[in-house]
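The structure appears below as structure tokens.
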Amino acid sequence: MAETTLPNYEGLSSTTGACLKNIVPLTDGQVRDACHAHAKKFFSYGSKFIREMTLTDITNDTIFHYKLESLGEKRKSINKVVAYTGQYVNTSGYAVDPWDVRVGTADGKIEFADHQIITEIPNSACIKICLMCSGSKKMSCISCNGEGSKICDFCDDKNWGILHHSSSNALRSSG
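Residues in the sequence shown are numbered consecutively from 165, following this note's numbering.
Okay, here's the thing in structure tokens:
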């Protein structure tokens, strides 16, 4: 047996000319059960042929299934406006590019599965005065033509401003 090493595959090796012994031959019933299981996966496949077919010879062979997976990632940044209620706002430096934000799972590993992670871009927050009430916490009521006033619906009389920040929306898909 000659052993070959595949280039660029981290030292994976394959043995050429090796014959796998001790393969238990499939019985007639096992072949029909496997065909039924395969046909159930498809709506348009029937199973009448499985019952009526005549198996004349069952030849065992070994097949290696090769599955190639790739990772694609898409990032986009969106502005989000939330009410400012006195929480800490990090404005100590410049906002970084969305691709410079480290995104991963809690243990730092990358998942090769379809999922979405939303995270705030560091140093992208800023505080601005509420555009609806100009920071006064009151708005003119359109029901009474401005003769009265009501509590600002946007900042809800709990704050005087709104918090703007960008968040990175990282989509990872494998396939």
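Positions of the beta carbon are idealized from the N, C-alpha and C atoms, including for glycine.
Short Cβ contact (7 Å threshold) for residue i with residue j
i: residue 209; j: residue 203; result: yes
i: residue 222; j: residue 190; result: yes
i: residue 282; j: residue 224; result: no
Contacting residues, own chain, Cβ-Cβ under 6 Å from residue i (five flanking each side not counted)
i: residue 173; result: Because the pLDDT at residue 173 is just 47, under 50, the model does not fix this residue reliably, and the point stays unresolved.
i: residue 234; result: none
i: residue 192; result: 219
i: residue 197; result: none
Bridge partner(s) assigned by DSSP for residue i
i: residue 217; result: DSSP output for residue 217 lists no bridge partner at all.
i: residue 356; result: A question about residue 356 goes unanswered here, because the residues of the chain that appear run from 165 up to 339.
i: residue 299; result: In DSSP, residue 299 forms no bridge with anything.
Close Cβ partners of residue i (< 8 Å) along its chain, the five nearest in sequence each way excluded
i: residue 258; result: 287
i: residue 263; result: 239
i: residue 216; result: none
Cβ neighbours of residue i in the same chain (closer than 7 Å, five flanking residues each side left out)
i: residue 211; result: 200, 203
i: residue 218; result: none
i: residue 195; result: 219, 222
Interface flag, residue i vs chain D, CB-CB below 7 Å
i: residue 277; result: In the displayed structure, chain D is absent; only one protein chain is listed.
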